[in-house]
Structure formats: structure tokens, C-alpha cells
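Visitor: Residues -21 to -1, 1 to 471 in mature numbering (1 follows the signal peptide of the UniProt record, and there is no 0) are what the sequence shown spells out, letter by letter. Have a look at this one before I ask anything.
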Amino acid sequence: MRLKQLLLFSCACALAGTASAQVTVDTTTSYRIVNVNSGLELALAGDAQTAGTSVVQEPEGTLESDRWQFAPEGNGEYLIVNLYTGQVLGISGASLLAGAGGLDWADNGTNDHLWSVISAGSGEYKLQNLNSGLLLGVSGASTEAGAATLQWIDNGTPDHLWTLAPAGPAYQEPLPVDVQYSSTDTVGTHDPSMVPSFWGYSLFATHSSIHQHVSLDMRHFYDAGTALPAAPAWTNAYTADSGDLWAPDASYRNGKYWLYYAASSFGSDTSAIGLATSQTALPQSWKDSGGAVLTSSACPGSNAIDPGLVTDTDGTPWMVFGSYYGGIYITQMDAKTGQVASGASCIHLANRSNSLDAIEGSYISYHDGYYYLFVSLDACCDGVSSTYHIGVGRATSVTGPYYDRGGLPMTEGGVTVLRSSQGRFIGPGGQTVMKDRNGSVLVYHYYDGNNNGLPSLGLNYLEWTADGWPTVAHERQKNQQAQREQNEQQSW
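As C-alpha cells, then:
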């Protein structure tokens, strides 16, 4: 279990293991990855963000792209995420050949992005590529700044040895929250969506007929039962009579609250999206529309779950949705009825290279001239073994095309990693974005490694880089939290 592995580490020790053994990395921190032969650290050539940029060695502090995070992918394998670009360390062309160069690329699910960390003793490690079985080294075993990395056979040269120097937290921890549950049968939060109202906040999550919590301060959440009294009868054909509805999306528009949700079963693309509305967002005030708003069959190749409503700058509502299969789609909605607009088509927004590699949980949020498409990647719902993580791309039009930070289209696997597992906060995903008076809040679930993998509510304020990309805020989040608490005290 990854939980047991994570507990092996302390702040003073980045890795644990025995000589020539695969080891587990402490994911609470970021690292500078330093070559033993040259004493230089991994960074991106010229701090370039373009996909395909060479991974090179440079003196410490020369470039901003010198911090990396090890994101667990199961079986002792990791994505090595560059925290400057949100892209991952891979091998040119996913090559199996010795001499192929190391580069920065989108997390598109290919095996050349997976690495094992192997102890070589004395605090030194080898980085082995899963796809090729070769080791990360430096071209010509060079000790010069700017020399490119490559993969090579394990021939014993010191350029294949690396040390990991802790470089501070990879991400800001989630804001502290207290989520109460009235029954042990309903403990846990999956796929959360939160909406502010005149009386506070309503939080909705996957479970039964949509689990609902209420809060006055976005910190203490009280169990309010379910939004609907029971799963609508029409959903039984999609849920195999389970009565379990998924992935709610709550919003306020045109003077009332809209709650979309998914009806499906695990592993199936026989799915549908439903809609309930309310004037107050209070529990048990929701009225179901009485039938499916959208089904998978209406958009061939899609899986109609994980709905997310977005209104474009012209005031037109759109719904983004999808999971596995063909990936992520969007369709126009009728502003008055909340149903699919007459004559609307389904537009493909994002996919991964292999349909078995998850992309789901989509949500679009507008900020300063761009629409940002947030997605969940890899394996959900496996407790502390979950490999879920959050990615993002952006577009100037709500219907795309969407590109990642490296310039790759999301329809071709492009995606920029926003947040991955960090210590006890395992498998973040199922995200939405809520805007309040303090900024944009990333709302997601994670599995708590300190609480038997309990699916838990994660909240982080987003910050934006100078070139307009979202990050999980650091110091600014602390300031926003203090301002939030001050505002709530004044309001209540």
C-alpha cells in the first residue's frame, strides 16, 4: 500500500531503500535533480515551455525550470513533473533506443513518461525509464552546462547517478475544512461541486440522490442529506437500479440554481445526464426535470457523465462532459430550459492517446480572455492507490481548440498538470471551479492517506502566472484564506 510507503519518509530523508532496489519518493516536496558526475541540475533548455524542449543540465539557480515533483502512478512508478511548465519528463519519440534524448512533454499517458527510482547507495539514485528499461544520463557523460540528457544502458558511468535535493512544497496543501456526516453510510466526498448563495454555500457530491452539505463560511460543512428525495425513476435504466447518482454540477443562472448530475454504472457508457432546479439551493428544494437532458447515444463515441455548465462571454450556456471512450465533448444548451439547444452538435475538445488512459471530470472556467478546461487524469476511486491528478488546457473560444502550456492540442493528448498526489493528499480529481469574492476556488476530492484513504474535500485558491496559466497558489492562498475569514466574520 502506498500509505505504508509514504510513512517511511521524514523531512530529512527524501528516499528510502536498499542498494539496487526500487524505492519510494516522498511526494510532499519538490526536488532539484542533481547529476552526480557534473554537479549540475536538471532544467529545461532556455526555460522554454514548448512541448519537446530538451531536458538539460545547468548550474543551480540558472533557470526557473529546475524544480520537479514525483507524481505516483502505481507499481513504484512516477511521472516526473516539471513545476515550471506542468509537463513531464519523457523520451523523444517514446524511443526504445539508447541515445534518445530526454524532453518535456504533455502527460498524454505514454509509457516513456513513467520512471522508477532505484537506489545506488550513498544517497544516489538511478532513474529508469519504464518504456525502454534504460537509465537517464547525460550526453557524452558531459560535465558542461547545457549538455542534453538521454537514455542509455546501465554501463556504470557516474552520469547515470542522481541526487534529489528537496526544494520546498510541490503544491499548497488544501485549505482546512471540517466536513460532518450524519451517517456512516454516507461518509466521504467524491466529485464535489460548490455554489455560493445568499445564505452561504451548498456543496454537492456523488452519492445516492446527490449528497448535499451546507456551510456559512466555506470551512465548516454540515450534512444536509440529499438534494433530491430519491433518484428519479427515469435514471434506473442507466444506473442498473442502484439509485446512485454521480458527479453533480451546481450553478446559478437566470434567477435560479441549476443542478446537473450523471446516471450511469461503472465501466458502462450507457449513461445520461439529468437536471434539477431550485429557487434557493436549499436541501429538498430541488425539482427534477423528469428525464434525460443528454445521453451517450446523442453524441456517438461519448460517455454522457461528469457534466459541467459554463456560460460564454455572450451569455450562451454550454455543457462540457465525457469520460474515457472518446474523451471530452461540449454542446450548446438552451438558456431558458437548461436542455440541449435545438440543432446543437457535439464538439470534441480533448482526448488521450489510449482510450484506457482516463480523461474525465471536465470543467470549464473563464478567466481574463481564456476559457480553461480542467480535467481529471488516470485512475480514480482506489483509495490510497488512486493515481488521479488534475490537468488543464485553454482556448480563446469556449468550443476550442484547447491547447496545453506546451502548445499541444488537447484532442491529441495535450494537457498541463495542475495538481497531483502530495503526501497524504492522494489522487486529487473530480474537480470544479467556484468563483467567490476572494477569487477562483479549485474544488476537488482526494484520498486522505492519514485517514484510511477517506475520500475528502479539497479546496485551493487558484493563482495565475504572468502568461495566464493557473497554479495551485502558495503564499497568496494564505492571504486569501485570512481575507475570507475576515469577510465571513463581517457578513455573519
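C-beta atoms are modelled at their ideal positions from N, C-alpha and C, and glycine is treated no differently.
List the residues that DSSP assigns as beta-bridge partners of HIS169.
Guide: Here residue 169 refers to the residue found at position 190 when the sequence shown is read from its first residue. DSSP output for HIS169 lists no bridge partner at all.
Visitor: Our contact map puts PRO449 next to LEU397 with C-beta atoms below 8 Å; I'd like the distance itself, whole angstroms only.
Guide: As a first step, residue 449 is located in the sequence shown; it is residue number 470 there, counting from the start. As a first step, residue 397 is located in the sequence shown; it is residue number 418 there, counting from the start. Indeed they touch by this definition, with Cβ atoms about 6 Å apart.
Visitor: Please list the segments of the beta strand (DSSP E) lying wholly inside the segment 345 to 419, counting only runs of 3 or more residues, in order along the chain.
Guide: Within the segment 345 to 419, the complete beta strand (DSSP E) runs of at least 3 residues are 349 to 356, 368 to 374, 395 to 398, 404 to 415.
Visitor: Hey, ASP196 and TYR160 are a contact pair by Cβ (cut 8 Å); roughly how many whole angstroms apart?
Guide: In the sequence shown, residue 196 corresponds to position 217, counting from 1. In the sequence shown, residue 160 corresponds to position 181, counting from 1. Not a contact, Cβ separation roughly 18 Å.
Visitor: If I follow the unbroken beta strand (DSSP E) through TYR180, where does it start and stop?
Guide: As a position in the sequence shown, residue 180 is number 201, starting the count at 1. Looking at the DSSP string, the run of the beta strand (DSSP E) that includes TYR180 is 179 to 184.
Visitor: Pick helix, strand or coil for ASN61, following the three-state DSSP scheme.
Guide: Mapped onto the sequence shown, residue 61 falls at position 82. Here ASN61 sits in strand by DSSP.
Visitor: My assumption, with CB atoms under 8 Å, is that THR6 sits in contact with SER400. Please give the rounded CB distance.
Guide: Within the sequence shown, numbered from 1, the residue matching residue 6 stands at position 27. Within the sequence shown, numbered from 1, the residue matching residue 400 stands at position 421. The Cβ separation is near 5 Å, so the contact holds.
Visitor: In angstroms, rounded to a whole number, what distance separates the CA positions of ASN108 and ALA50?
Guide: Within the sequence shown, residue 108 is the residue found at index 129, counting from 1. Within the sequence shown, residue 50 is the residue found at index 71, counting from 1. Using only the alpha carbons, I get a separation of about 15 Å.
Visitor: Using C-beta distances below 6 Å, list every residue in its chain close to ALA79, excluding the 5 sequence neighbours before and after it, in chain order.
Guide: Translated into positions along the sequence shown, residue 79 becomes position 100. Answer for ALA79: ILE70, SER71, GLN130, listed in chain order.
Visitor: Only counting the same chain, and skipping five residues up and downstream in sequence, which positions put a Cβ closer than 6 Å to that of ALA22?
Guide: Taking the first residue of the sequence shown as 1, we reach residue 22 at position 43. Correct list, in chain order: GLU37, LEU42, SER44, ASP45.
Visitor: Taking just the CA atoms, how far does VAL96 sit from GLU56?
Guide: Looking up residue 56 in the sequence shown gives position 77. Looking up residue 96 in the sequence shown gives position 117. Whole-angstrom Cα-Cα distance: 8 Å.
Visitor: With DSSP as the reference, please indicate the residues paired to ALA242 in a beta bridge.
Guide: Residue 242 sits at position 263 when you count from the first residue of the sequence shown. The partner list for ALA242 (beta bridge, DSSP) reads ALA251.
Visitor: Run the CB neighbour count on HIS199, radius 10 Å, all protein chains shown included, and call it buried at 16 or more, exposed below.
Guide: Within the sequence shown, the letter at position 220 stands for residue 199. Classification for HIS199: exposed.
Visitor: Decide if ARG331 is buried, meaning its Cβ has at least 16 other Cβ atoms within 10 Å, or exposed.
Guide: The sequence position of residue 331 within the sequence shown is 352, counting from 1. Buried.
Visitor: For LYS98 and SER111, what's the separation of their Cα atoms in angstroms?
Guide: The sequence position of residue 98 within the sequence shown is 119, counting from 1. The sequence position of residue 111 within the sequence shown is 132, counting from 1. It should be noted that the sequence gives Ser, not Lys, for residue 98. Distance between the alpha carbons of SER98 and SER111 is about 19 Å.
Visitor: For GLN66, count neighbouring C-beta atoms within 10 Å of its own C-beta (all shown protein chains included) and say buried if the count is 16 or more, exposed if not.
Guide: In the sequence shown, counting from the first residue as 1, residue 66 sits at position 87. Its Cβ being crowded by 16 or more others within 10 Å, GLN66 is buried.
Visitor: Looking at GLY222 and VAL272, is the spacing between their C-beta atoms short of 9 Å?
Guide: By 1-based counting over the sequence shown, the position of residue 272 is 293. By 1-based counting over the sequence shown, the position of residue 222 is 243. No, the pair does not count as a contact, with Cβ atoms beyond the cut-off.
Visitor: Taking the straight line between their C-alpha atoms, what separation do you get for ASN90 and LYS266?
Guide: Translated into positions along the sequence shown, residue 90 becomes position 111. Translated into positions along the sequence shown, residue 266 becomes position 287. If I take the Cα positions, the gap works out to 46 Å.
Visitor: On the DSSP letters alone, give me the boundaries of the alpha helix (DSSP H) that TYR201 sits inside.
Guide: Here residue 201 corresponds to residue number 222 of the sequence shown, with the count starting at 1. Unbroken run through TYR201 is the beta strand (DSSP E), 199 to 205; no alpha helix (DSSP H).
Visitor: Can you list, in chain order, the residues of its chain whose CB lies under 6 Å from that of ALA314, leaving out five sequence neighbours each side?
Guide: One-based indexing of the sequence shown puts residue 314 at position 335. These residues qualify, in order along the chain: PRO296.
Visitor: Leaving out five residues before and five after residue 555 in sequence, what residues of the same chain have Cβ atoms less than 7 Å from its Cβ?
Guide: The chain is shown only over -21 to 471; residue 555 falls outside these bounds and no answer can be derived.
Visitor: Which residues mark the beginning and the end of the beta strand (DSSP E) in which THR218 is found?
Guide: Along the sequence shown, one-based indexing puts residue 218 at 239. Where THR218 is concerned, there is no enclosing beta strand (DSSP E), although the alpha helix (DSSP H) it sits in stretches over 215 to 218.
Visitor: Just checking my contact of ALA126 with VAL35 at CB under 8 Å: how many whole Å lie between their CB atoms?
Guide: Counting from one through the sequence shown, the residue named residue 126 turns up at place 147. Counting from one through the sequence shown, the residue named residue 35 turns up at place 56. The pair is a contact, with the Cβ atoms about 6 Å apart (cut-off 8 Å).
Visitor: Could you compute how far the alpha carbon of GLY370 sits from the alpha carbon of VAL394?
Guide: Within the sequence shown, residue 370 is the residue found at index 391, counting from 1. Within the sequence shown, residue 394 is the residue found at index 415, counting from 1. Cα to Cα, the separation comes out at about 6 Å.
Visitor: So what does DSSP say about ASN134, is it helix, strand or coil?
Guide: Against the sequence shown, residue 134 aligns to sequence position 155. Looking at ASN134 - three-state DSSP - the assignment turns out to be coil, as it is neither helix nor strand.
Visitor: If you measure between the beta carbons of ASN16 and ASP157, is that distance less than 9 Å?
Guide: Position 37 of the sequence shown, counted from the first residue, corresponds to residue 16. Position 178 of the sequence shown, counted from the first residue, corresponds to residue 157. For ASN16 and ASP157, no; Cβs fall outside 9 Å.
Visitor: Since THR290 is in the beta strand (DSSP E), which residue starts that stretch and which ends it?
Guide: Mapped onto the sequence shown, residue 290 falls at position 311. THR290 -> beta strand (DSSP E) spans 287 to 290.
Visitor: What whole-angstrom Cβ distance do HIS192 and LEU207 have, given they're in contact under 8 Å?
Guide: By one-based count along the sequence shown, residue 192 stands at place 213. By one-based count along the sequence shown, residue 207 stands at place 228. Their Cβ separation, rounded to whole angstroms, is 15 Å, which puts HIS192 and LEU207 out of contact at 8 Å.
Visitor: Would TRP178 and ASN14 be called neighbours here (beta carbons separated by less than 9 Å)?
Guide: Looking up residue 178 in the sequence shown gives position 199. Looking up residue 14 in the sequence shown gives position 35. No, they are not a contact pair.
Visitor: In chain order, what residues of the same chain have a beta carbon less than 8 Å from the beta carbon of SER321, not counting five sequence neighbours either side?
Guide: Position 342 of the sequence shown, counted from the start, is the residue given in the question as residue 321. These residues qualify, in order along the chain: ASP313.
Visitor: Based on the DSSP secondary-structure assignment, which residues constitute the bridge partners of GLU152?
Guide: Sequence index remark: in the sequence shown, residue 152 carries index 173 (1-based). DSSP, once it has assigned bridges, lists no residue as partnering GLU152.
Visitor: Once DSSP output is grouped into helix, strand and coil, what is the label at GLY53?
Guide: Taking the sequence shown and counting its residues from 1, the one referred to as residue 53 is at position 74. Looking at GLY53 - three-state DSSP - the assignment turns out to be coil, as it is neither helix nor strand.
Visitor: Between GLU152 and PRO407, what straight-line distance do the alpha-carbon atoms span, to the nearest angstrom?
Guide: Residue mapping note: residue 152 aligns to position 173 of the sequence shown, counting from 1. Residue mapping note: residue 407 aligns to position 428 of the sequence shown, counting from 1. In a straight line, the C-alpha of GLU152 is about 11 Å away from that of PRO407.
Visitor: Can you check which of these residues, TRP213, GLN48, ASN61, LEU93, is closest to ASN54 by C-alpha distance?
Guide: Translated into positions along the sequence shown, residue 54 becomes position 75. Looking at the Cα atoms, LEU93 is the closest of the given residues.
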